[in-house]
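Working notes for the structure below.
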Ligand SMILES: [Fe+2]
Ligand SMILES: [Fe+2]
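Protein chains in written order, with our numbering: chain A, 7 to 245; chain B, 287 to 630; chain C, 3 to 94.
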């Protein structure tokens with residue numbers, strides 16, 4: 007059966023990815039893209055809420071008395087208790103970073119949710135089934151931009167390649183619990199990079215890890231400080 | 287739709303009914319004529335007199351076209367710049383539900399900006415040129431967005447008061463004489479229906495929360511009330527554009543009429559919240575309208591002229607987004623060209 | 003620099019024609035379709051979308067008096083001097 011920790015890993019990935027993506031609101035290269043990125047951030051936030059609520063319910067079932075809810079999990083856990091992969095917490099970066107990260111992350115989520123949707127846990131399967139349709143669109147959007155940035159101008163190519171090189175090492179962590187998914191992920195990502203005239207990086211020895219055990223990059227603390235500040239300033243308040 | 291667990295907001299349904307009526311009139315009109323078939327000499331004047339709609343390629347006086355471009359563009363700029371003060375709280379929204387609502391709301395404002403830029407473009411102007419005029423200050427946006435959002439309650443106050451005032455302004459524009467603008471406004475007003483409600487709900491929760499939360503809500507209302515009244519523009523006696531706009535049926539009510547309508551709606555809504563409006567002289571007149579203290583129009587002009595607390599910050603933010611995005615837009619264009627070349 | 007303009011048509015539901023709903027900017031058709039989905043069907047307003055380059059549309063309606071569109075074709079509105087710096091009135 008699914009564990010609280012597994013649900014937290016899934017939910018935290020979606021939550022932290024949404025938090026970062028939402029930073030693009032009012033900052034996108036065109037208004038149409040502002041709307042598109044907000045849509046994707048809203049999808050991720052919706053996934054996070056369903057997954058964290060499930061984690062909270064599961065946790066409560068093993069407890070006496072009142073447990074935590076989605077907000078307690080999002081706002082009142084410390085950095086060491088977050089289970090997201092480090093890829094999701096890296097700083098916003100430029101537009102190439104955002105879209106290459108989306109490609110890597112959404113392609114992973116697509117494989118993951120497809121598997122969970124067919125799994126034995128009914129509640130999780132229902133969440134994954136709904137999310138599958140969303141992430142398919144995220145993958146589409148990311149592919150569209152990866153092609154345009156990679157095969158656009160010299161500058162966009164340079165920036166896209168830099169983003170691919172920077173983010174590639176962080177993709178290994180995504181598959182630590184489910185190594186078998188990486189093959190399908192590579193089969194989806196590699197042709198996109200090739201068509202975008204981008205080099206697929208070597209699988210080097212730098213493979214940052216630790217997110218699933220609460221070991222994060224130095225960027226994570228600032229993300230949480232900002233996200234949680236208001237909620238924590240008013241203990242017990244309703245909003 | 288987000289959250290309905292809030293008290294009924296007096297006056298709200300009535301405004302939405304007006305939007306629906308404007309839409310019915312618009313779609314109904316298409317079947318009949320507008321009384322101007324057969325090419326009257328003064329085609330434009332005849333359409334306006336018959337309360338018809340002017341469409342993009344109709345003949346129209348240059349002054350009408352210029353005036354519309356200015357108004358629609360400035361309206362579009364307001365939607366886009368208006369994303370910033372509220373966007374300031376997306377990362378810190380105090381619950382995941384509020385974060386989702388706020389993100390969707392700010393996203394809607396981007397959509398409103400897009401609909402309006404599209405309406406302006408039907409008049410033969412380019413969106414990029416309008417951006418340029420926003421950035422170099424030749425065109426303005428609503429001064430309300432030059433005030434800072436200091437606390438979470440400001441998000442509530444903006445939704446309730448600023449979106450509320452915007453709706454009062456915009457509902458009559460659903461019947462504006464220029465077709466594309468009227469249609470864009472119908473679309474916008476329908477989407478606005480949740481904006482004011484979510485703001486009102488935020489304040490309602492705060493007003494019924496801890497003493498700190500209630501104080502936060504009152505403080506926000508104290509700061510946003512007069513700037514919201516100023517959104518309707520200078521008093522009719524000083525308004526330079528009003529008379530001509532009314533003759534052209536772009537505008538249907540005067541600044542002061544709309545401001546009065548807003549005050550009349552809002553006083554009662556504040557009572558329901560259990561919060562006060564910062565005007566000791568508010569009182570109900572025998573004519574059924576509330577007497578109120580006018581906003582400080584000198585302050586309004588100071589802000590319009592560029593010296594409000596956030597004018598420079600708002601434009602710099604917009605400029606940075608536009609300039610940082612240049613290489614991305616160029617990449618998409620270059621890619622499209624390559625593909626075109628490949629398939630031909 | 004900016005992207006070209008596209009006109010967007012949405013079929014609100016099965017059994018109805020596509021209707022013009024507005025326009026947007028995109029570098030190519032693929033991007034225009036995606037942007038149209040995000041912008042004009044955010045609230046599930048449609049089941050099918052068409053996008054057409056604005057330059058590909060020819061108009062024939064008698065009410066549309068093309069002669070009067072000539073100034074736009076000459077792009078006089080693209081010149082900054084065409085516009086007045088606005089006075090005080092604010093209408094959001
Ligand atoms: Fe709006
Ligand atoms: Fe709004």
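The beta-carbon is built from N, C-alpha and C at its ideal position, and this holds for glycine as well.
- For residue 28(C), the nearest beta carbon of chain A is closer than 8 Å to its own beta carbon.
- Residue 47(A) places its beta carbon less than 8 Å from that of residue 24(A).
- For residue 358(B), the closest alpha carbon among the candidates 462(B), 501(B) and 493(B) is that of 462(B).
- In the three-state reduction of the DSSP assignment, residue 438(B) falls in the helix class.
- Residue selection by CB proximity (closer than 7 Å to any heavy atom of ligand 2) returns 391(B), 394(B), 395(B), 398(B), 449(B), 452(B), 478(B) and 481(B) in chain order.
- Residue pairing by DSSP places residue 9(C) opposite 25(C) and 54(C) in a beta bridge.
- Contact between the segment 437-455 of chain B and the segment 363-378 of chain B is present: 3 or more CB-CB pairs across the two stretches fall below 8 Å.
- Per the C-alpha coordinates, the member of 13(C), 15(C) and 8(C) positioned closest to residue 26(C) is 8(C).
- Comparing alpha carbon positions, the residue from 62(A), 36(A), 20(A) and 16(A) closest to residue 610(B) is 36(A).
- Collapsing the DSSP output to three states places residue 427(B) in coil.
- In this structure residue 102(A) is in contact with residue 165(A), their Cβ atoms being roughly 4 Å apart against a cut-off of 8 Å.
- Residue contact with chain B for residue 138(A): absent (no Cβ-Cβ distance below 8 Å to any residue of chain B).
- For residue 454(B), the uninterrupted alpha helix (DSSP H) run begins and ends at 449-456, by DSSP.
- Interface residue (Cβ-Cβ distance to chain B less than 8 Å): residue 157(A) is classified as such.
- Residue environment analysis places residue 380(B) among the buried positions, since at least 16 neighbouring C-beta atoms fall within 10 angstroms of its C-beta.
- In terms of beta-carbon proximity, residue 163(A) stays away from the interface with chain C, with every pair separated by 8 Å or more.
- Taking a beta-carbon distance threshold of 8 Å, residue 483(B) does not count as an interface residue toward chain C.
- Closer than 8 Å to the CB of residue 496(B) there is at least one CB belonging to chain A.
- For residue 401(B), the C-beta contacts it makes with chain C under 8 Å involve 24, in order along the chain.
- Annotation: Cβ neighbours of residue 32(C) in chain A (cutoff 7 Å, chain order): 150.
- Nearest neighbour of residue 111(A) by Cα position, chosen from 95(A), 100(A) and 130(A), turns out to be 95(A).
- In the DSSP annotation of this structure, residue 591(B) is not part of any alpha helix (DSSP H), being labelled neither H nor E.
- Of the heavy atoms belonging to ligand 1, none sits nearer than 7 Å to the Cβ of residue 305(B).
- Proximity of the beta carbon of residue 208(A) to ligand 1 is not indicated: no heavy atom of the ligand is located closer than 7 Å.
- Within 7 Å of the C-beta of residue 365(B) there is at least one heavy atom belonging to ligand 1.
- With respect to chain A, the C-beta atom of residue 7(C) has no partner C-beta closer than 8 Å.
- With a cutoff of 7 Å, residue 457(B) does not count as near ligand 1, since its C-beta is closer than that to no heavy atom of the ligand.
- Relative to the non-hydrogen atoms of ligand 1, the Cβ of residue 474(B) comes within a distance shorter than 7 Å of at least one.
- A straight line joining the alpha-carbon of residue 184(A) with that of residue 137(A) spans about 18 Å.
- DSSP places residue 601(B) within a helical segment (H, G or I) once states are collapsed to three.
- The beta carbons of residue 423(B) and residue 449(B) sit no closer together than 8 Å.
- Listed in chain order, the non-local C-beta contacts of residue 342(B) below 6 Å within the same chain comprise 408, local neighbours out to five positions each way being set aside.
- 8 Å or more divides the Cβ of residue 478(B) from the Cβ of residue 506(B).
- CA-CA distance, residue 558(B) to residue 487(B), rounds to 11 Å.
- Non-local C-beta neighbours of residue 175(A) in its own chain, meaning closer than 7 Å and more than five positions away in sequence, comprise 210, 212, 213 and 214, ordered along the chain.
- Under DSSP, residue 43(A) takes part in no beta bridge, so it has no partner.
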